[in-house]
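Peer 1: Residue numbers (the numbering used here): 1 to 1094.
Note that CB positions come from ideal geometry on N, CA and C, so glycine has one too.
If you scroll down you'll find the structure; I have some questions about it.
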Amino acid sequence: MDDVNNDRFKGSPYRRHRNDVEFGNNMPGVSEGEASSNPFDISRTKDASIDRLRRWRQAALVLNASRRFRYTLDLKKEEEKKQTIRKIRAHAQVIRAALRFKEAGQKEKVPGMPPLPPPSAGGDYSISQDQLALITRDHDFLALEQFGGVKGLANTLKTNVDKGILGDDSDLLKRKNAFGSNTYPRKKGRSFWNFVWDACQDTTLIILIVAAAASLGLGIKTEGIKEGWYDGGSIALAVLIVIVVTAISDYKQSLQFQNLNEEKDNIHLEVIRGGRRLLVSIFDIVVGDVVPLKIGDQVPADGILISGYSLAIDESSMTGESEIVHKSSKAPFLMSGCKVADGYGTMLVTSVGINTEWGLLMASISEDTGEETPLQVRLNGVATLIGFVGLTVAVVVLIVLLIRYFTGHTEGSSGQFKAGKTKFSTAIDEVIKIFTIAVTIVVVAVPEGLPLAVTLTLAYSMRKMMTDKALVRRLSACETMGSATTICSDKTGTLTLNLMTVVEAHVGGKKFEPPDIGSSFPPMVRSLLTEGIAQNTTGSVYMPESGGNAEVSGSPTEKAILQWGVNLGMNFDAIRASSSIIHVFPFNSEKKRGGVALKLPDNKVHIHWKGAAEMVLASCTEYIDMDEHFVRMDENKSALFKKSIEDMASGSLRCVAIAYRTYEMEKVPTDEEDLARWELPENDLTLLAIVGLKDPCREGVKDAVQLCTKAGVKVRMVTGDNLQTAKAIALECGILGSDADATEPNLIEGKRFRGMSEDQRKQIADKISVMGRSSPNDKLLLVQALRKEGHVVAVTGDGTNDAPALHEADIGLSMGIQGTEVAKESSDIIILDDNFASVVKVVRWGRSVYANIQKFIQFQLTVNVAALTINVVAAVSAGDVPLNAVQLLWVNLIMDTLGALALATEPPTDHLMHRHPVGRREPLITNIMWRNLLIQALYQVTVLLILNFKGRSLLDLKLDNVAHANKVKNTLIFNAFVLCQIFNEFNARKPDEINVFKGVTKNYLFMGIVGLTLVLQVIIIMFLGKFTSTVKLSWKLWLVSFAIGFMSWPLAMVGKLIPVPEMPFSEYFTNQLSCPPKNKDDEVQSTEGRMVMN
């Protein structure tokens, strides 16, 4: 039996994407990052190998590993998680092996078999949780039979197998008390103090604390406790503030991720309670629930099959074995966490939460082991490069200051060093101060906050995207979406409303519009139609006992056809009861049809088919006319029906044909295994009806498509619908401009594309706008062809068979309402409202992530370049630094944590959608950014160095005490430097726009941080001089400081008028060393990243 099932699923896309060596990152051209010699060049992290991920970690210059790598994949925890899964899978396999051994050894129940454990006393049910757990966990068929099979067990659990449990509040509470709830104990999130401890792990901060302690001890010893604690104490206090602010920022960020992770796990599914189908959270499932299962669903709890048709389960998530297991009355046990690979059925829930294998597995593994993104890896590379430069500068400053001090060229705070005369403790104190300055330069120079700014902006974007109806499952997709060059979208439910109604019907060779005039149909046709509609469906109709309208459930297509049946006078329950289902062929996206074989009371057999109109019509040899005569389907009649289908399709209707045939009972297999293998006859069918379903376009879709086109993102429609229907909807949505565009290759059929060679597909893929009658495999082939052509591809999908394409795409977008659990698990982002407009919002957010990071890089590098240059030049020339350790720590706080908060949380603007997509190989620091930051850094360095060397004369301080004059001058430099950063923060908001104030008042966080920084700076200068070695400034010097800072605005505006070349500066150097491109393809690849923000 297993061999049969394996053969059956060998060719299915569901299996292929899990095992096929040609799939995924084995495809040529996909894992370009893998081949790169640069450890920080990983363009696609979701397929990167563990060794590749380990390489960039080892190459990064890191001061605080626990903080820097917090939101990346924890390679150690990932390995522990795999080991835990292997243990629990081994347990499941042992159970299965024991079960097979038992079955082989005993075909009958052995007398004297040990009885089941007694039920727990005082329960509302005559069975305990332990007994239920033993039955399902051990797959104990004999124990199940002791309770009278699944129906007997359902009665024990006070469940009706057809109508489910009562489902009122008291009933649900009793069940939860008796058998537990469908939740498992989650590992507690990290506390605030964990983040404080992480922040303390920074190597440079530890060195500063040690230096501060030494300085404190020496200061108290030489100057007494009253005055001697300021130098060491102020550094320690500054370090403490940095640690607390960093910890608060990181803690808030982690809470956001925690909330998003909980949202991901909250699956919604149908249950039958009180005879009606209800949508409930997976956490609200209780023991005794009756759950309908269909292809793509996740089994929500342990249970037993009540009834099923062609039901096949993928148990690999629990057993580790890739084989698909067929479920039947002989093998009815279902394990939580597994996926439905084919067919449909209903199950009785017997164990929930921690009482299931899945619950044990989820409770024992750490859910969130992080995940790096390509941008995060690249920024670690940038931080490493800057860090090495900063480290070199710090070493140079340290050596220069030490040499100048010990050669007597620098006068320390305790006077000039004189060999043999200066006290040892005094010399040590000066050395510690010099060393502290060097270490603080490293703190400023190594931008630890740069890679973490990605996480900050992603956390912010993910939270905001939730309100825009997009749930991010994979962090990297958030930023990759900003590089998307094409979106391959489904039609139904994404571009359309997914609210289908039957608006036209062709019955008996006659057109009915409106189609609900059931009295006009021939009685025999109406009877056969309602029989086929009621039985050949995965939906249901519930008639309230109190009267009122019927409640129809199922997929949108099923609901529309069931509602039409109800309008024709169909009694759903009566028809279902009057005949029994022998075998089912579930709807198949390859064949585009589904069928059912029925046994009638008179022992006759009817086989009903329903599916794509032209495909079902091709199998029909006759139809029933209005006089109830069976009329032969000749070429003329067939042409008339085809014309009707084309007319409906060109009116943007989905066409579905309903047909049937009779069959001899003697030919139906009687053996259960033969019946499971039986393929329903699909030839010699009698056509009953062709119906046209209207699914209106979503409001705003045309505008969203136009916005994408302006943004350089091509929208392609890939649908299983008729080519004419696809064309009509594409014209309505603006994907096709006019009828003139509706020709091949713009408009192509899946079958035609599938039949081409790989090279032909690559050549034609870029031109395709609409693909009709496509199978999930056609979508996969299109994605592969587009990616080979260098496109960054986003794909929408909702079905199980869409999983390979969703996984293969750079960004997989599954549908939150109609999407199956298999599709959602293969996707990167879930579109919660199934709306294409929400997909476009995701593109905006993706671009916003990239833009925000670039703003932060520009801001941070300006501070880095200016601070390092000022201190190096001053140290080398004068032997003193104008910015001391405490001041540099405050600058670091503005630049790192506060700067990231202000700039990384800018909301997206329409301006982002007026650019072309960001190339995946585009330099992070564009020519425009280089221009902006060099202008600002040059201005700051020039002004502040002039103040450093000529400050006393410019500020008219010559008559003052030298020490006081130097303090005033250095305070002004510090104040002006900080105010320059505050003013420059506004410039960084709009790197390529003249008006940097546009929308600034709407960003309350930005305004708040700028205001807070300014207030704190005033407090530092006016009241904390003892700690920062500053003096109070007069209002005139405050005006001077503000004037210096203010000048950065007009300077930025003038600077933006300077044109920059398109070719990145870095390429000027590499092009000198490399040969010119040999052919046009090389040229295209070499210019992939040359777009600048203009």
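Run through the DSSP bridge pairs and tell me what residue 307 is partnered with.
Peer 2: 346
Peer 1: What does a CB cutoff of less than 8 Å around residue 435 pick up in its chain, not counting 5 residues either side in sequence?
Peer 2: 211 and 398
Peer 1: To the nearest angstrom, how far is it from the Cα of residue 676 to the Cα of residue 308?
Peer 2: 11 Å
Peer 1: How many Å lie between residue 915 and residue 710 at the Cα?
Peer 2: 8 Å
Peer 1: Determine, using beta-carbon pairs with one atom in the segment 823-835 and one in the segment 470-486, whether at least three such pairs fall under 8 Å.
Peer 2: yes
Peer 1: Would you grab the beta carbon distance between residue 1130 and residue 754 for me? Rounded to a whole angstrom, and I think it's under 8 Å.
Peer 2: No answer is possible for residue 1130: it lies beyond the span of the chain, which begins at 1 and ends at 1094.
Peer 1: How many whole angstroms separate the CB atoms of residue 272 and residue 164, which I take to be in contact at a CB cut-off of 8 Å?
Peer 2: 4 Å
Peer 1: Considering only C-alpha positions, which residue in the set 938, 183, 798 and 565 is nearest to residue 980?
Peer 2: 938
Peer 1: Measuring straight from C-alpha to C-alpha, what distance separates residue 822 and residue 836?
Peer 2: 21 Å
Peer 1: Alpha carbons only, please: which of 442, 852 and 562 is nearest the one belonging to residue 988?
Peer 2: 852
Peer 1: Residue 374 by DSSP, collapsed to three states: which one?
Peer 2: Helix, per DSSP.
Peer 1: Where residue 144 and residue 348 are concerned, what is the direct C-alpha to C-alpha distance, given to the nearest angstrom?
Peer 2: If I take the Cα positions, the gap works out to 12 Å.
Peer 1: For a minimum of 4 consecutive residues, which ranges assigned as the alpha helix (DSSP H) are wholly contained in the segment 915-973?
Peer 2: 927-954
Peer 1: Quick one: what's got a C-beta closer than 8 Å to residue 263's C-beta in the same chain, skipping five residues either side?
Peer 2: 466 and 471
Peer 1: Just curious, the beta strand (DSSP E) that residue 678 is in, first and last residue?
Peer 2: No beta strand (DSSP E) contains residue 678, which DSSP labels as neither H nor E.
Peer 1: Could you name the residues of the same chain whose beta carbon sits closer than 6 Å to that of residue 113, not counting the 5 residues immediately before and after it, in chain order?
Peer 2: With a pLDDT of 43 at residue 113, under the threshold of 50, the modelled position of this residue cannot be trusted; read the value that follows with caution. Once the five neighbours on either side are set aside, residue 113 has no close Cβ partner at all.
Peer 1: Can we say the segment 509-522 touches the segment 732-745, given the rule of at least three CB pairs closer than 8 Å?
Peer 2: no
Peer 1: Run through the segment 559-613 for me and flag every whole alpha helix (DSSP H) of 4 or more residues, listed as ranges in chain order.
Peer 2: 572-578
Peer 1: Taking DSSP's pairing of strands, which residues face residue 669 in a bridge?
Peer 2: DSSP output for residue 669 lists no bridge partner at all.
Peer 1: Give, in chain order, every unbroken run of the beta strand (DSSP E) that is at least 3 residues long and sits entirely within the segment 213-266.
Peer 2: none
Peer 1: Out of 651, 971, 1032 and 191, which has the shortest C-alpha to C-alpha gap to residue 253?
Peer 2: 191 is the residue among 651, 971, 1032 and 191 whose C-alpha sits nearest the C-alpha of residue 253.
Peer 1: Which term fits residue 1015, buried or exposed, when burial requires 16 or more other beta carbons within 10 angstroms of its beta carbon?
Peer 2: Looking at its Cβ environment, which holds fewer than 16 other Cβ atoms inside 10 Å, residue 1015 is exposed.
Peer 1: Express the C-alpha separation of residue 388 and residue 1021 in angstroms, rounding to a whole number.
Peer 2: 32 Å
Peer 1: Mapping the DSSP letters down to three states, classify residue 654 as helix, strand or coil.
Peer 2: strand
Peer 1: Grouping DSSP H, G and I as helix and E and B as strand, with all else coil, what is residue 186?
Peer 2: coil
Peer 1: By Cβ distance below 6 Å, which residues in the same chain neighbour residue 153 in space, the five residues on each side in sequence not counted?
Peer 2: So the qualifying residues of the chain are 147.
Peer 1: Have a look at the DSSP bridge pairing and note the partners of residue 277.
Peer 2: 272
Peer 1: Mapping DSSP to helix, strand and coil, what is residue 445?
Peer 2: helix
Peer 1: Hey, quick one: how far does the beta strand (DSSP E) through residue 727 stretch, first residue to last?
Peer 2: Careful: residue 727 lies outside any beta strand (DSSP E), inside the alpha helix (DSSP H) at 723-733.
Peer 1: Does DSSP put residue 660 in a helix, in a strand, or in coil?
Peer 2: strand
Peer 1: Span of the beta strand (DSSP E) holding residue 776?
Peer 2: Run containing residue 776: none in the beta strand (DSSP E); it sits in the alpha helix (DSSP H), 776-788.
Peer 1: In chain order, what residues of the same chain lie with their CB nearer than 7 Å to the CB of residue 155, ignoring the 5 residues before and after it?
Peer 2: none
Peer 1: Can you find at least 3 beta carbon pairs, one from the segment 1021-1040 and one from the segment 963-970, that sit closer than 8 Å?
Peer 2: yes
Peer 1: Can you give me the C-alpha to C-alpha distance between residue 306 and residue 256, rounded to a whole angstrom?
Peer 2: Taking the straight line joining both Cα atoms gives about 41 Å.
Peer 1: Tell me which same chain residues have a C-beta within less than 8 Å of the C-beta of residue 283, skipping the five on either side of it?
Peer 2: 181, 182, 183 and 266
Peer 1: Residue 160 by DSSP, collapsed to three states: which one?
Peer 2: strand
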